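Protein chains in written order, with the working numbering: chain A, -9 to 235; chain B, 406 to 969.
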């Protein structure tokens, strides 16, 4: 469903992502890990069409992001690392705006808003202006907005930042359920325990290159270690990093 | 496309409705203050325009119609030029540097719909000043000519149709430059800004270079008409607007309707052209703007640190570092400094070319008049500068405000830092400009000193107003300075700044015109003039101190109470 074919992205002379090929099929929750500045957000933004690859091709649901961006975006949902909300709209109005944007019929929209409001515990504040929300409240509204149009591909960039442990667990379960229901979920995160708990496959990017790709077992075999993902992650990312004296 | 626009229009409408309800519900006082000041300002402009028209009629009945025409043509030409520039700047910020655009581009919306939605926003932000300045002029014209209600109605229709033309041009320039000139965009912006400054300076120089005595004679009228001919070029939409409005009278309505139709057709054409361009180039421009290297290696700017360290010798080291941070942020943002360049570059070029008009060889009444106009122009530019750049400084700290708010120093020092920056920068710039003007004109020492002191007071008062009110009415949620300035605090600051400037100018002008009156004879002696100048300088300094300290005290109190 998501396919990156020999994708390279340069910012001037800096190579942010180098010759990246990756395919995430429907029904998979894929965790994308890597140190700060490794190229995670650049990759995510190329998948959702906010950045153009310098070389290579990105397709979502078979649609080329550069040529058929509207078709691709209709099946896509994106949660950025810094979610955008209109300060002077209530959460309810924002969700309705998303409903309008994706042309969701009124009755279905109401049902979906009710469903996600209950699940994320948003009912009590959904009629307040979003400017009064805490970061966690905003994040929950954005996550609900993401799921409103039943996307086939969900791209998440650090979706758990600012969420309390209850909400974080809830979000984990929600996206695992989405993947079970057939959606493709691409999650970029720094929270290794979440990747370990819910991801079917894990990709680790370092200095713009895909340093490792596979299931947790694959990574264990590759590193020759039997520990938690944290140990494997450090083993992979430290392999070529300069060691402190 | 229609559905996209309906969705975007609906969300903006809801947003505006909530803002309006909040403004009315929370602060009737604010609405009343804005309303009263706006009406007072509008009436002031109307009276000046009506006086100018009657004065023109009184001076030269023979050339009245032609001179009025020249006045309309030049006025609309200058406003159109400013509209193109401001629309280009606003379009660039709102299309390529906005979080909202990123959010919308990630959704299933056509890029050309997003563009049109942003174009409407740009028209609204850039054009209210046009309507605010142009309606008093046309109203004065309608009243002095005894034209009926239909004139005012049609004049509004003319404005509404016309506004889309410079808006479409400005936004097309922003899109084309961003999409097509990636690597040298900064250089192009500088070249464009410099070109605009030079072009405007040239036009201004042609206007003020008119030779003539104090009486309106045939030679002067002919010169005025010749020097304003450029604005009557039949290919300019601003000329259609001027001719259309001047034709709005019984017996010439057909001409007026022709020009209205011409402007409306052009508005539709250029909007359609901009829409077509957007479909091809906005995404490309977005990609280019995102592709610029995010990590620029910056020079350490030891020179800036050193220079400001020396200039701000009177401030504490922590205040100096806050100032240097603000200076670096400003210097590294081309959108900010290109506007600054336009403001002051224009004045500098004009003052530097004063000798070409041989004003220094004229009698004192002319020198005084030109010196007064220069002081007014410099002061008004300073008021615009402080409202546009200084007022939003604290708000622009935004979500990073906690960084300086948590520094181990009294919060008041942050405001003192902003005050020091504003005062020092504006003082150096404006004193250099007015010194240049005095030198070029060869004004007597008393007049030069009076103007230098008046500008000292203006800088102090304007800095206090902008910094103090900026702390009293901060907007930490907004990243775009244009939007911060358009809020209540920004509007109040602009109105108070203009009122303060006008008060200082009028106070200092009284002894000057008594001494160097328009017709060459003095109403007061040289000794009386000296005493008057001393008294006026004391009054100006007292007024400026009050204009600085009052808002600063309010701002400091707000800062102390501010919760991070």
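For each residue, glycine too, the CB sits at the ideal point set by N, CA and C.
As the structure is a prediction and not an experimental result, all values here were calculated from the model.
Assuming residue i and residue j form a contact by the criterion Cβ under 8 Å, report the distance between their Cβ atoms to the nearest whole angstrom.
i, j, result
"residue 868 of chain B", "residue 791 of chain B", "6 Å"
"residue 991 of chain B", "residue 902 of chain B", "Since the first residue of chain B shown is 406 and the last is 969, residue 991 of chain B is not available in this structure."
"residue 531 of chain B", "residue 495 of chain B", "6 Å"
"residue -6 of chain A", "residue 12 of chain A", "5 Å"
"residue 836 of chain B", "residue 801 of chain B", "In fact, because the Cβ distance is near 27 Å, the residues do not count as touching under 8 Å."
"residue 872 of chain B", "residue 957 of chain B", "7 Å"
"residue 799 of chain B", "residue 849 of chain B", "The Cβ separation is near 42 Å, so there is no contact."
"residue 178 of chain A", "residue 30 of chain A", "5 Å"
"residue 169 of chain A", "residue 19 of chain A", "4 Å"
"residue 113 of chain A", "residue 107 of chain A", "5 Å"
When you compare each of the options to residue i by their alpha carbons, which one comes out closest?
i, options, result
"residue 881 of chain B", "A:18, A:77, A:58, A:48", "A:77"
"residue 102 of chain A", "A:134, A:175, A:75", "A:134"
"residue 940 of chain B", "B:539, B:447, B:913, B:871", "B:913"
"residue 541 of chain B", "B:455, B:512, B:570, B:489", "B:455"
"residue 487 of chain B", "B:678, B:416, B:958, B:538", "B:538"
"residue 508 of chain B", "A:38, A:106, A:65, A:141", "A:38"
"residue 136 of chain A", "A:153, A:68, A:214", "A:68"
"residue 198 of chain A", "A:4, A:-8, A:-9", "A:4"
"residue 64 of chain A", "A:140, A:179, A:185, A:205", "A:140"
"residue 953 of chain B", "B:691, B:874, B:812, B:535", "B:874"
"residue 583 of chain B", "B:696, B:890, B:439", "B:696"
"residue 950 of chain B", "B:545, B:573, B:462, B:870", "B:870"
"residue 934 of chain B", "B:715, B:671, B:919, B:795", "B:919"
For residue i, which residues in chain B fall below 7 Å Cβ to Cβ?
i, result
"residue 121 of chain A", "882"
"residue 42 of chain A", "692"
According to DSSP, simplified to helix, strand and coil, what is residue i?
i, result
"residue 586 of chain B", "coil"
"residue 53 of chain A", "strand"
"residue 12 of chain A", "strand"
"residue 181 of chain A", "coil"
"residue 888 of chain B", "helix"
"residue -4 of chain A", "strand"
"residue 421 of chain B", "helix"
"residue 5 of chain A", "strand"
"residue 497 of chain B", "helix"
"residue 893 of chain B", "helix"
"residue 793 of chain B", "helix"
"residue 21 of chain A", "strand"
"residue 194 of chain A", "strand"
"residue 660 of chain B", "helix"
"residue 848 of chain B", "coil"
"residue 48 of chain A", "strand"
"residue 652 of chain B", "coil"
"residue 69 of chain A", "strand"
"residue 80 of chain A", "strand"
Between residue i and chain E, is any beta-carbon pair separated by less than 9 Å?
i, result
"residue 83 of chain A", "The structure shown contains no chain E; its protein chains are A and B."
Since residue i meets chain B, which of its residues come closer than 9 Å, beta carbon to beta carbon?
i, result
"residue 36 of chain A", "In chain order: nothing, as chain B lies at least about 10 Å away."
Can the beta-carbon of residue i be found closer than 9 Å to that of residue j?
i, j, result
"residue 520 of chain B", "residue 782 of chain B", "no"
"residue 80 of chain A", "residue 116 of chain A", "yes"
"residue 673 of chain B", "residue 571 of chain B", "no"
"residue 166 of chain A", "residue 28 of chain A", "no"
"residue 652 of chain B", "residue 502 of chain B", "no"
"residue 99 of chain A", "residue 46 of chain A", "no"
"residue 664 of chain B", "residue 641 of chain B", "no"
"residue 408 of chain B", "residue 93 of chain A", "yes"
"residue 945 of chain B", "residue 840 of chain B", "no"
"residue 930 of chain B", "residue 921 of chain B", "no"
Output, in chain order, the set of chain A residues within a Cβ distance shorter than 7 Å of residue i.
i, result
"residue 973 of chain B", "The question about residue 973 of chain B has no answer here: the residues shown for chain B are numbered 406 through 969."
"residue 856 of chain B", "Near residue 856 of chain B there are no residues of chain A at all, since even the closest Cβ is about 45 Å away, more than 7 Å."
"residue 419 of chain B", "79, 83"
Applying a beta-carbon distance threshold of less than 8 Å, which residues of chain B neighbour residue i?
i, result
"residue 68 of chain A", "511"
"residue 165 of chain A", "Simply none; closest approach about 18 Å."
"residue 64 of chain A", "513"
"residue 77 of chain A", "882"
Name the chain A residues that come within less than 9 Å of residue i, Cβ to Cβ?
i, result
"residue 523 of chain B", "By Cβ distance, chain A contributes nothing, its closest Cβ being about 15 Å from residue 523 of chain B, past 9 Å."
"residue 893 of chain B", "Simply none; closest approach about 15 Å."
"residue 424 of chain B", "78"
Using a cut-off of 8 Å between C-beta atoms, extract the partners of residue i located in chain A.
i, result
"residue 412 of chain B", "87, 90, 91"
"residue 504 of chain B", "72, 74"
"residue 756 of chain B", "Within chain A, no residue comes near residue 756 of chain B; the closest Cβ sits about 40 Å away, beyond 8 Å."
"residue 507 of chain B", "40, 70, 74"
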